[in-house]
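Colleague:
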Amino acid sequence: MATIASLILGAAGLSRHSLRHSFASMLATDLDVPGTTLARLTGHADAGFTLKMYAGDGRDDAAVAADVLRRAAGAKVGA
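Position in the sequence shown (first residue = 1) + 574 = my numbering.
1) Have a look at A613 and R645 and give me their C-alpha separation to the nearest angstrom.
2) Can you tell me the Cβ-Cβ gap for T616 and A598, rounded? I've got them flagged as a contact below 8 Å.
3) What's the C-alpha gap between I578 and A586?
4) So what's D606 in DSSP terms, helix, strand or just coil?
5) In terms of alpha-carbon separation, which member of D604, T603 and H618 lies closest to T610?
6) Give the range of the alpha helix (DSSP H) segment to which L583 is assigned.
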């Protein structure tokens with residue numbers, strides 16, 4: 575029997591795996607969570623494997639550069 579969460583995720587075109595991957599990737603790339611901590615949170619025995627899976631954000635260089643410029647343009651002067 576499907577759970578309510580599974581039904582909601584499915585309706586949104588998401589899966590538990592995609593949420594787990596997004597969560598771990600944000601911790602690794604946006605918050606700089608250490609690999610050993612990330613491995614514990616995701617249940618991996620090897621922090622190196624965990625970082626290999628989640629530390630890269632999967633975007634090409636142009637997308638990363640565009641994001642950096644967008645953030646810089648929105649930054650407050652003197653911040």
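Beta carbons: idealized from backbone N, C-alpha and C, even for Gly. Computed from a predicted structure; not experimentally measured.
Modeller: Quick look at the numbers:
1) As a first step, residue 613 is located in the sequence shown; it is residue number 39 there, counting from the start. As a first step, residue 645 is located in the sequence shown; it is residue number 71 there, counting from the start. A613 and R645 have their C-alpha atoms some 29 Å from each other.
2) Sequence index remark: in the sequence shown, residue 616 carries index 42 (1-based). Sequence index remark: in the sequence shown, residue 598 carries index 24 (1-based). Sure, about 5 Å apart at Cβ, within 8 Å.
3) Position 4 of the sequence shown, counting from 1, holds the residue named residue 578. Position 12 of the sequence shown, counting from 1, holds the residue named residue 586. Here the C-alpha atom of I578 lies approximately 12 Å from the C-alpha atom of A586.
4) To locate residue 606, count along the sequence shown from 1; it is residue 32. Here D606 sits in coil by DSSP.
5) Against the sequence shown, residue 610 aligns to sequence position 36. Among D604, T603 and H618, the Cα nearest to that of T610 is on H618.
6) Position 9 of the sequence shown, counted from the first residue, corresponds to residue 583. Where L583 is concerned, the enclosing alpha helix (DSSP H) stretches over I578 to A585.
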